[in-house]
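So the structure is just underneath, and the comments pick up after that.
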Amino acid sequence: MPAVSVTLALIIFTAGTIAGSLGALLGLGGGVFLVPFLNLVMGFPFTVAAAISLTTVIATSSTVSAGRAGKQLINMRLGMLLEVATAAGSFLGGVTAQFVSQSVLQRLFGLVAAIVALIMLSRLRRRNVILDPNADPGLLGGRYHEEESGCTVTYHVKRLPLAVVASFLAGNVSSLLGIGGGIIKVPVLNAWCGIPLRAAAATIIYYGRGQLVPALAGAACLGVQLGSWGGMKFGAAASSKWLKILMAGVLFIVSAMMFMRGGR
Amino acid sequence: MTPKQPPAGTSFKMERVVGIVLRSGVIASTACLAAGLVLALVVGDGAVAAFLLNTGILVLLATPVARVIVSTMEYVNERDWRFAALTGIVLLELIASAVAALVFNRKL
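Line by line, the protein sequences give chains R and X. Each step along the first sequence adds one to the number in the working numbering, with nothing skipped, and position 201 is 205. Each step along the second sequence adds one to the number in the working numbering, with nothing skipped, and position 10 is 16.
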């Protein structure tokens, strides 16, 4: 690990800012851009890149959840139920990452980056909520008041077992690869507060293993927080359709590069 | 039309407490990380800078854990045993990662 110089800290801070604002604009967290930058461009070991990225995931998603708390956007009960699966997935991901070789992780990242790009293209304009304020949300469903449209939005939990499996996979894959929000998107989880936990268990393990370099993670965290703040503040005005198409293209390139690097 | 829903009062209160816990955790860790980084870059690597950076990371890692502890306490308080058990399991999973972290650390 190189000594942390001013230049290195500034590079990582800037990368974090860009990744954070892209993540906020696209609604998927910056990890999917930050990890390949740290691993492929800066040459950090994959697990070190993942650990830095997961730290930023905890910071941003905690901020987002805190902002949503009290606005009844969060479905605490459903969140807690799914967190049992998510935390288990994250724990397993953190442990597995210690035993899997870097090239396997890179190929897996290549695969997931391509899937994320495809999902992004398929959801250029889509919402996962029912726009009928009188629908019965059921025990684990919920409703929240949406400022944008001014109505009360109700959502159901469809296929709970599927949501549990998806949460486990989301926790596992995101902890293994260092990517955070909304990668494996369970529809109702748009308004869910479980994302910090998706990363927490594994990050604790990375930290214990010494793969989490505090100075680098700190620089990345500050950058990502600045970037996602800016993205959320100014992003609402901009149409994200073309950005999504552009970034899907970037992700396909990242995917190809990961496969090339991992194939050696 | 009023659909069946769990009592709004308590869970609303819990949401607010959770929000406060998350926000103060992030603010405290960000302050430590920023101070540690500035110190490390301006003064050079020192014990104080390293301490601040490590504290920042640890506070950040503890934030989601604290959130789970708060939720567990609230569910116990509400005598909602099913969800108290669920949050308890999440807490155990987090403790398991801390144990795993210690085990891996010793192996290094």
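Built from N, CA and C at the ideal position, the CB exists for glycine as well.
Indicate the three-state DSSP secondary structure (helix, strand or coil) for leucine 230 of chain R in the structure shown. In this structure, leucine 230 of chain R counts as helix in the three-state DSSP scheme.
Could you tell me whether any Cβ in chain X is nearer than 7 Å to the Cβ of proline 218 of chain R? For proline 218 of chain R, the answer is yes, since a Cβ of chain X falls inside 7 Å of its Cβ.
Relative to the alpha-carbon of leucine 250 of chain R, which residue among R:Leu29, R:Ser9 and R:Val10 has its alpha-carbon at the smallest distance? The option with the nearest alpha carbon to leucine 250 of chain R is R:Leu29.
By how many angstroms is the C-alpha of leucine 96 of chain R removed from the C-alpha of alanine 19 of chain R? Their Cα atoms are separated by approximately 28 Å.
Under 7 Å between beta-carbons, which chain R residues line up against glycine 31 of chain X? List them in chain order, please. In chain order, Ser66 make up the part of chain R whose C-beta sits under 7 Å from the C-beta of glycine 31 of chain X.
At what residue ranges does the region 46–86 of chain X contain a whole run of the alpha helix (DSSP H), taking only runs of 4 or more? Here the runs fully enclosed are 53–83.
Local conformation of methionine 261 of chain R per DSSP, three classes: Helix.
Is the Cβ-Cβ distance between leucine 58 of chain X and alanine 41 of chain X less than 7 Å? The answer is yes: Cβ separation under 7 Å.
Inter-residue spacing [alpha-carbon to alpha-carbon] between valine 88 of chain R and glycine 50 of chain X: Between valine 88 of chain R and glycine 50 of chain X, the C-alpha separation is close to 43 Å.
In chain order, what residues of the same chain have a beta carbon less than 7 Å from the beta carbon of leucine 143 of chain R, not counting five sequence neighbours either side? Reliability of the predicted coordinates at leucine 143 of chain R is poor, the pLDDT of 46 falling under 50, and the value obtained from them is presented with this limitation in mind. Excluding residues within five positions, none has a Cβ falling inside 7 Å.
Residue ranges of each alpha helix (DSSP H) within the region 81–133 of chain R, 4 or longer: Segments of the alpha helix (DSSP H) lying fully in the region 81–133 of chain R: 106–126.
Continuous alpha helix (DSSP H) stretch holding isoleucine 183 of chain R: start and end: Neither: isoleucine 183 of chain R is in no alpha helix (DSSP H) and is coded neither H nor E.
Reduced DSSP category for serine 9 of chain R - H, G, I as helix; E, B as strand; rest coil: DSSP places serine 9 of chain R in coil when its eight states are reduced to three.
Of all Cβ atoms in chain X, is any one closer than 7 Å to the Cβ of serine 69 of chain R? With 7 Å as the cut-off, serine 69 of chain R counts as an interface residue toward chain X.
In chain X, which residues lie less than 8 Å from glycine 222 of chain R when you measure between Cβ atoms? Contacts between glycine 222 of chain R and chain X, judged by CB atoms closer than 8 Å, involve Leu39, Ala40, Gly42, Leu43, Leu59, Gly62 and Ile63 in chain order.
The alpha helix (DSSP H) enclosing leucine 38 of chain R, as first and last residue numbers: 35–40 is the span of the alpha helix (DSSP H), which, as asked, contains leucine 38 of chain R.
In its own chain, which residues sit with a C-beta less than 6 Å from the C-beta of asparagine 176 of chain R, not counting the 5 before and 5 after it? Gly93, Leu96 and Gly97.
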